[in-house]
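Novice:
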Amino acid sequence: MTEAQARHIVLAARPHGKPQLTDFRLEDTAIPTPRAGQVLLRVQYLSLDPYMRGRMDDRQSYAKPVPLGGVMDGESVATVIASHHPGYAEGDIVLAQTGWRTHALSERADLRKLDPAVAPVTTGLGVLGMPGFTADGGLRVIGKPAPGETVVVAAASGPVGSLVGQLAKLAGARAVGIAGGPEKCAYVQDELRFDAAIDHRDAAFAAKLTAACLDGIDVYFENVGGAIWQAVLPLLNTFARAPVSGLIAQYNGVGKGDGTDRLPATMREVLSKSLTVRGFINNEFAAEHYPAFLREVGDGIADGRIRYREDFVDGLEQAPAAFIGVLEGRNFGKLIVRMDT
Ligand SMILES: NC(=O)c1ccc[n+]([C@@H]2O[C@H](COP(=O)([O-])OP(=O)(O)OC[C@H]3O[C@@H](n4cnc5c(N)ncnc54)[C@H](OP(=O)(O)O)[C@@H]3O)[C@@H](O)[C@H]2O)c1
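Take any residue in the sequence shown, note its place counting from 1, add 96, and you have its number in our numbering.
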């Protein structure tokens, strides 16, 4: 990339099932010029998140799909490199919805300034940002773990799951994490201090989960769906709560499976155990709970009660492969593209 050029990544084709590298296209473009009221941003760190898979499909959802040829959606940590906006100065570091770009214009009032003295700026994309707030809001509003209860979460080494378990522990509950592979499980148990971590790729997964939840499950924070939900369902206690945050096992589509219709059995459990199963999108809770989240999780990071892990790849051109990897569990921690500076 020359100094005079910007780059971005567009959606080149809609995936059928698992995304392919050919579904993305890296393009050179001119660095835009800010007008009155706008700032020019240079992206330092681009967040890669599971929700982006949904934006690649032309399907009605809670957010609009990316149009074919459109720049992929995404949130970034960016530096203001030129400002014609009274609220921002050159050198300010902000959170911004830039998409997968090296440079972007913004005039949005919802840029959030980041102070590197408070926490590393990349935390604004993970534990102190949208994924962290998803964990916090889903537990605070729906899960409501009580002391002594058992909270289970899958994708437990990622930015959502890792905070779910740690907040559950801080609330006095037991935390059981589900993760893919021994390395992630060791991290969840030893570093994040969950009470147990179970590998969903283990042939004895369901039996090991049962053994780790001898008093049943009071809160299941759903990030994954599919086979993991099936293993959890029989263990749910009467009045258990299941905040449904994500269903990543289904984002690339579901195969034919074994042909069994599991909905009737699921609904029987919902009824007979008085379960609360509630889906949510994190921003539903923002107006009421975001300030408390920033304060409480920020304090927890500052004094070491809350830990987090980030997984960096270098260069915008690596974003498609890294993103495809999230949908296969190849990331280990909050996945972030470190841009060329
Ligand atoms: N509702 C909301 O507002 C909201 C906001 C943010 C995120 N979310 C959802 O929260 C979930 C976690 O997001 P995150 O950002 O924390 O992601 P993440 O944990 O960093 O990455 C996703 C993880 O999911 C697991 N996974 C991927 N494919 C899987 C499959 N087919 N079967 C089982 N596990 C699979 C992998 O972990 P393992 O290797 O450990 O299995 C992978 O590392 C996602 O479902 C996401 O869509 C929801």
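Where is the CB? At the ideal position from N, CA and C, for every residue including glycine.
Relative to the C-alpha of Ser368, which residue among Pro330, Leu210, Gly165 and Gly268 is closest?
Specialist: That would be Pro330, whose Cα lies nearest to the Cα of Ser368.
Novice: Which ranges does the alpha helix (DSSP H) cover as unbroken runs of at least 4 residues, wholly within the region 182 to 220, from first to last along the chain?
Specialist: Listed in chain order, there is nothing to give.
Novice: Looking only at C-alpha atoms, which of Thr194, Ala174, Ala302 and Gln193 sits nearest to Ala185?
Specialist: With distances taken between Cα atoms, Ala185 lies closest to Ala174.
Novice: Just how far apart, CA to CA, sit Tyr147 and Asp407?
Specialist: For Tyr147 and Asp407, the distance between alpha carbons rounds to 17 Å.
Novice: Near Gly396, which residues of its chain fall below 6 Å by C-beta distance, leaving aside the five closest residues on each side in sequence?
Specialist: Hits under 6 Å: Ile402.
Novice: Could you tell me whether the region 338 to 353 touches the region 372 to 383, using the rule of 3 or more Cβ pairs below 8 Å?
Specialist: Yes, the region 338 to 353 touches the region 372 to 383.
Novice: In chain order, what residues of the same chain lie with their CB nearer than 6 Å to the CB of Thr98, ignoring the 5 residues before and after it?
Specialist: The pLDDT assigned to Thr98 is 47, lower than 50, so where the model puts this residue is not dependable; a value taken from the coordinates is nonetheless given after this. Cβ within range, chain order: n/a, list empty.
Novice: Between Asp291 and Gly276, which are expected to be in contact by the criterion C-beta below 8 Å, what is the C-beta distance as a whole number of angstroms?
Specialist: Wrong, their Cβ atoms sit about 19 Å apart, outside the cutoff.
Novice: On the DSSP letters alone, give me the boundaries of the beta strand (DSSP E) that Gln140 sits inside.
Specialist: Unbroken beta strand (DSSP E) run through Gln140: Val135 to Ser143.
Novice: May I ask you to check if the CB of Gly425 is nearer than 6 Å to at least one heavy atom of ligand 2?
Specialist: Ligands present in the displayed structure are limited to ligand 1, and ligand 2 is not among them.
Novice: Counting only runs that start and end within the region 283 to 321, where is the beta strand (DSSP E) found for 3 or more residues in a row?
Specialist: Fully enclosed beta strand (DSSP E) runs of 3 or longer: 292 to 295 and 313 to 317.
Novice: Could you check where the alpha helix (DSSP H) with Arg151 kicks off and where it finishes?
Specialist: It spans Met148 to Arg151 - the alpha helix (DSSP H) in which Arg151 sits, taken as one unbroken run.
Novice: Could you check which residue in Leu164, Glu384, Leu412 and Asp410 has the C-alpha nearest to that of Asp232?
Specialist: The candidate whose alpha carbon is nearest that of Asp232 is Glu384.
Novice: Would you tell me roughly how many angstroms separate the C-alpha atoms of Arg197 and Val135, rounded to the nearest one?
Specialist: Cα-Cα distance, rounded: 15 Å.
Novice: What three-state label does DSSP hand Met97 in the structure shown?
Specialist: The pLDDT assigned to Met97 is 47, lower than 50, so where the model puts this residue is not dependable; a value taken from the coordinates is nonetheless given after this. Coil, per DSSP.
Novice: So for Asn427, helix, strand or coil by DSSP?
Specialist: In this structure, Asn427 counts as coil in the three-state DSSP scheme.
Novice: If you measure between the beta carbons of Val252 and Gly261, is that distance less than 7 Å?
Specialist: Note that residue 252 corresponds to Ala in the displayed sequence, not to Val. Yes, Cβ-Cβ distance for Ala252 and Gly261 is below 7 Å.
Novice: Is it buried or exposed, Asp145, if we count other Cβ atoms within 10 angstroms and call 16 or more buried?
Specialist: Looking at its Cβ environment, which holds 16 or more other Cβ atoms inside 10 Å, Asp145 is buried.
Novice: Grab the span of the alpha helix (DSSP H) containing Thr230 for me, first residue to last.
Specialist: Its alpha helix (DSSP H) spans residues Met226 to Gly233.
Novice: Suppose the cutoff is 8 Å on Cβ atoms and the five residues either side in sequence are ignored; what does the same chain contact list for His180 look like?
Specialist: Correct list, in chain order: Pro130, Arg131, Ala132, Gly133, Gln134 and Val135.
Novice: Cβ of Ala415 within 6 Å of any heavy atom in ligand 1?
Specialist: No, ligand 1 has no heavy atom inside 6 Å of this Cβ.
Novice: Quick check on the burial criterion: 16 or more other C-beta atoms within 10 angstroms. Buried or exposed for Arg358?
Specialist: It is exposed - the Cβ of Arg358 has fewer than 16 other Cβ atoms within 10 Å.
Novice: With a 10 Å radius around its C-beta and 16 neighbouring C-beta atoms as the bar for buried, classify Met152 as buried or exposed.
Specialist: Met152 comes out buried.
Novice: I need the boundaries of the alpha helix (DSSP H) containing Asp154, first residue and last residue.
Specialist: Careful: Asp154 lies outside any alpha helix (DSSP H) and carries neither H nor E.
Novice: Using 6 Å as the cut-off, classify the Cβ of Gly342 as near or not near the heavy atoms of ligand 1, replying yes or no.
Specialist: Within the cutoff, so yes.
Novice: Following a CB-centred definition, is Lys114 positioned closer than 6 Å to any heavy atom of ligand 1?
Specialist: Lys114: no, Cβ never under 6 Å from ligand 1.
Novice: Between Tyr386 and ligand 1, is the CB less than 6 Å from at least one heavy atom?
Specialist: Outside the cutoff, so no.
Novice: Taking Cβ positions, are Phe229 and Asn378 nearer each other than 7 Å?
Specialist: Result yes, Cβ atoms of Phe229 and Asn378 sit closer than 7 Å.
Novice: State yes or no: is the C-beta of Lys209 nearer than 6 Å to some heavy atom of ligand 1?
Specialist: No, since every heavy atom of ligand 1 falls outside the 6 Å radius drawn around the Cβ of Lys209.
Novice: Drop a sphere of 10 angstroms on the beta-carbon of Ser258, count the other beta-carbons inside from all chains shown, and report buried for 16 or more, exposed for fewer.
Specialist: Buried.
Novice: Whole-angstrom Cβ separation of Thr103 and Leu122, contact assumed at under 8 Å?
Specialist: The sequence shown places Arg at residue 103, rather than the Thr named in the question. Arg103 to Leu122, Cβ: 6 Å. Contact.
Novice: Would you give the residue range spanned by the beta strand (DSSP E) that Ser172 belongs to?
Specialist: That run of the beta strand (DSSP E) goes Ser172 to Ser179.
Novice: Using CA coordinates, which residue listed in Arg289, Ala323 and Ala398 is at the minimum distance from Leu305?
Specialist: Nearest option by C-alpha distance: Ala323.
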